[in-house]
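The structure appears right after this line, and notes come after that.
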Amino acid sequence: MRVALDMEKLQMIIYYANSIRMSAARREELHRVVLQGILVGEVDLDLLFSDAPQLTATNIRTFLRSYVEAGGNEGEVRAQELYDAYVEWCGDMAEPSETVSTFGRYLREIGIRKIKRADANYYRLPAGTEEDDG
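Numbering-wise, the numbering used here puts 1216 at position 72 of the sequence shown, and it's gapless, one number per residue.
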């Protein structure tokens, strides 16, 4: 839905952008939509307030599927090693990566268990693609 962009709406958007925690990729997208809106005098609210967690879930879910299907990657994996592999995968796929916090939160939400040890934190990855259920 496109609406005319006036000063009040612009202030609300700026407040939203500065108050809400979001990934760098989402913030960049928000800035792009706002700048485009300023240039044309209207903003597309569907683009502005799109469902970012759903995009994140798809991105991380796709990575996990490819990581596990690559073979030998199920079982316990160091948390930092898994996140580094995700960031590298995003670079290879020309996709923006999420923050380590968002990545960890998503893994928790889909039931991937985090194991804390003295040397590091680990994630227990399923042998199959259990995360496809969500």
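Don't be surprised by glycine CBs; every beta carbon is placed ideally from N, CA and C. Note that the coordinates shown come from a computational prediction; the quantities given were computed from them, not determined experimentally.
Test item: CB-CB of residue 1264 and residue 1224 under 8 Å: The sequence position of residue 1264 within the sequence shown is 120, counting from 1. The sequence position of residue 1224 within the sequence shown is 80, counting from 1. In this structure, residue 1224 lies closer than 8 Å to residue 1264 by Cβ.
Rounded to whole angstroms, what's the CA-CA distance from residue 1220 to residue 1268? Just pull it up for me. Locating residue 1220 in the sequence shown gives position 76, counting from the first residue. Locating residue 1268 in the sequence shown gives position 124, counting from the first residue. Residue 1220 and residue 1268: Cα-Cα distance of roughly 4 Å.
Same chain, Cβ closer than 6 Å to residue 1158, neighbours up to 5 away in sequence not counted: In the sequence shown, counting from the first residue as 1, residue 1158 sits at position 14. Result list for residue 1158: empty, nothing under 6 Å.
At the 8 Å Cβ level, is residue 1238 part of the contact set with chain C, yes or no? Reference to chain C is not applicable here, since this structure consists of a single protein chain.
Does residue 1259 pass the burial test, meaning 16 or more other C-beta atoms within 10 Å, or should it be called exposed? As a position in the sequence shown, residue 1259 is number 115, starting the count at 1. So residue 1259 counts as exposed.
Candidates 1171, 1155, 1167, 1177: closest to residue 1146 by CA position: Start at 1 with the first residue of the sequence shown, and residue 1146 comes out as number 2. The shortest Cα separation from residue 1146 among 1171, 1155, 1167, 1177 belongs to 1177.
Residue 1245 classed as buried or exposed, judged by whether at least 16 other C-beta atoms fall within 10 angstroms: Residue mapping note: residue 1245 aligns to position 101 of the sequence shown, counting from 1. Under this definition residue 1245 is an exposed residue.
Residue 1233 to residue 1240 span [Cα, whole Å]: In the sequence shown, residue 1233 corresponds to position 89, counting from 1. In the sequence shown, residue 1240 corresponds to position 96, counting from 1. Cα to Cα, the separation comes out at about 10 Å.
Just how far apart, CA to CA, sit residue 1250 and residue 1238? Your numbering for residue 1250 matches position 106 in the sequence shown. Your numbering for residue 1238 matches position 94 in the sequence shown. Looking at the two C-alpha atoms, the distance is approximately 20 Å.
To the nearest angstrom, how far is the alpha carbon of residue 1183 from that of residue 1150? Reading the sequence shown from its first residue, position 39 is the one you call residue 1183. Reading the sequence shown from its first residue, position 6 is the one you call residue 1150. Roughly 12 Å separates the two Cα atoms.
Look at the alpha carbon of residue 1228 and the alpha carbon of residue 1174, and state the distance between them as a whole number of angstroms. Counting from one through the sequence shown, the residue named residue 1228 turns up at place 84. Counting from one through the sequence shown, the residue named residue 1174 turns up at place 30. Spanning the two alpha carbons is a distance of roughly 26 Å.
Cβ neighbours of residue 1207 in the same chain (closer than 7 Å, five flanking residues each side left out): As a first step, residue 1207 must be located in the sequence shown, where it is residue number 63. Cβ neighbours of residue 1207 beyond the five flanking positions: 1230, 1233.
With the cut-off set at 8 Å, would you say residue 1266 and residue 1222 are in Cβ contact? One-based indexing of the sequence shown puts residue 1266 at position 122. One-based indexing of the sequence shown puts residue 1222 at position 78. Yes. Within cutoff.
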